[in-house]
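*Asks:* Got a structure here, written out as structure tokens. Questions coming.
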Amino acid sequence: NQHKNIHRFLYIKMMILACNTATVLALDHLRSKFNIPFVGVVPAIKPAVEISKTKRIVIMSTQATAKSSYVENLINDFAPNFEVLKLGCPGLEDAVETLNNKEISRLVKKYSRYVNAFNPDVVVLGCTHYPLVKKQIKQNLNKGILVIDSGTAIAKQAEKVLKNLGLLSPKKHEDIFYTSGDAKQFSKICSILLGRTVSAKEVSTSS
Numbered sequence: 001n002q003h004k005n006i007h008r009f010l011y012i013k014m015m016i017l018a019c020n021t022a023t024v025l026a027l028d029h030l031r032s033k034f035n036i037p038f039v040g041v042v043p044a045i046k047p048a049v050e051i052s053k054t055k056r057i058v059i060m061s062t063q064a065t066a067k068s069s070y071v072e073n074l075i076n077d078f079a080p081n082f083e084v085l086k087l088g089c090p091g092l093e094d095a096v097e098t099l100n101n102k103e104i105s106r107l108v109k110k111y112s113r114y115v116n117a118f119n120p121d122v123v124v125l126g127c128t129h130y131p132l133v134k135k136q137i138k139q140n141l142n143k144g145i146l147v148i149d150s151g152t153a154i155a156k157q158a159e160k161v162l163k164n165l166g167l168l169s170p171k172k173h174e175d176i177f178y179t180s181g182d183a184k185q186f187s188k189i190c191s192i193l194l195g196r197t198v199s200a201k202e203v204s205t206s207s
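When we follow this note's numbering, the leftmost residue of the sequence shown carries the number 1, and every step to the right adds one.
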């Protein structure tokens, strides 16, 4: 077959790091290595500061994000006079990713107790998995606590960057899902979480 050794390359016009932990640890490095625009996801600290009245904020995230200097710098830049609890939530990301509802319930209740004890008026969901269980989180928090994430802001930023570069597509295209894990399991859980049928393809991370 004359086409046997021809490799197909997928043109990427932008990459969104849809993970707070990956963003705070790798965004600067990736921008230095690749000549495409990157949009990262970081905890919505600035918006939280703008709406907080009591100057007490909780950031729920993975432990890696909570311990990162990147987040500490965001707090120093935007919330220097605020009381901020960086609450690492071990296990919650994995529970959401595997749709382990029993473990999700247990962990949400556990971490919500820490949030309520701190008594903030705004909680920032600093992990892109957590908005998927936002309803459960809100149900376990004290009345009046606002829960926000950076999803809408990231979508607007991606649109803005693509517009400025003249790369914004005039029409909606097909969504293609790839996973380095088990494609069947990924497709099943993703379909449940997104409320529509997802058929993912497996991709190897080996060279």
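Built from N, CA and C at the ideal position, the CB exists for glycine as well.
These numbers come from a predicted model, not from an experiment.
Okay, do the region 66 to 75 and the region 94 to 105 touch, 3+ Cβ pairs below 8 Å being the bar?
*Replies:* no
*Asks:* What does a CB cutoff of less than 6 Å around F177 pick up in its chain, not counting 5 residues either side in sequence?
*Replies:* Within the sequence shown, residue 177 is the residue found at index 177, counting from 1. If we look at F177 and ignore the five residues flanking it on each side, its Cβ neighbours are V198 and A200.
*Asks:* Kindly indicate the opening and closing residues of the beta strand (DSSP E) around I12.
*Replies:* Residue 12 sits at position 12 when you count from the first residue of the sequence shown. Per DSSP, I12 belongs to no beta strand (DSSP E) and is neither H nor E.
*Asks:* For the structure I just gave you, are there three or more beta carbon pairs, one from the region 111 to 128 and one from the region 47 to 56, closer than 8 Å?
*Replies:* yes
*Asks:* Within a Cβ cutoff of 7 Å, which residues of the same chain sit near V41, ignoring the five residues on either side of it in sequence?
*Replies:* To locate residue 41, count along the sequence shown from 1; it is residue 41. The residues are L17, A18, C19, N20, T23, T128, S150 and I154.
*Asks:* Across the region 131 to 143 and the region 24 to 39, are there enough close Cβ pairs to call them in contact, namely three or more that are closer than 8 Å?
*Replies:* The region 131 to 143 makes no contact with the region 24 to 39: fewer than 3 CB pairs, one atom from each, lie closer than 8 Å.
*Asks:* Let me check understanding here. Comparing Cα to Cα, which of Q157, E159, K46 and C89 lies closest to R113?
*Replies:* Residue mapping note: residue 113 aligns to position 113 of the sequence shown, counting from 1. Relative to R113, the option among Q157, E159, K46 and C89 whose CA is nearest is C89.
*Asks:* Determine the direct distance from the alpha carbon of P131 to that of G91, and round the result to whole angstroms.
*Replies:* Position 91 of the sequence shown holds residue 91. Position 131 of the sequence shown holds residue 131. Taking the straight line from one Cα to the other gives about 15 Å.
*Asks:* Does the beta-carbon of T152 have 16 or more other beta-carbons within 10 angstroms, so that it is buried, or is it exposed?
*Replies:* Here the question's residue 152 lines up with position 152 in the sequence shown. T152 comes out exposed.
*Asks:* Does DSSP put H7 in a helix, a strand or coil?
*Replies:* For this step, residue 7 is matched to residue 7 along the sequence shown. Residue confidence is low: H7 scores 40 on pLDDT, short of 50, so the model does not pin down where it sits. Its coordinate-derived value is still stated next. Three-state DSSP puts H7 in coil, outside helix and strand.
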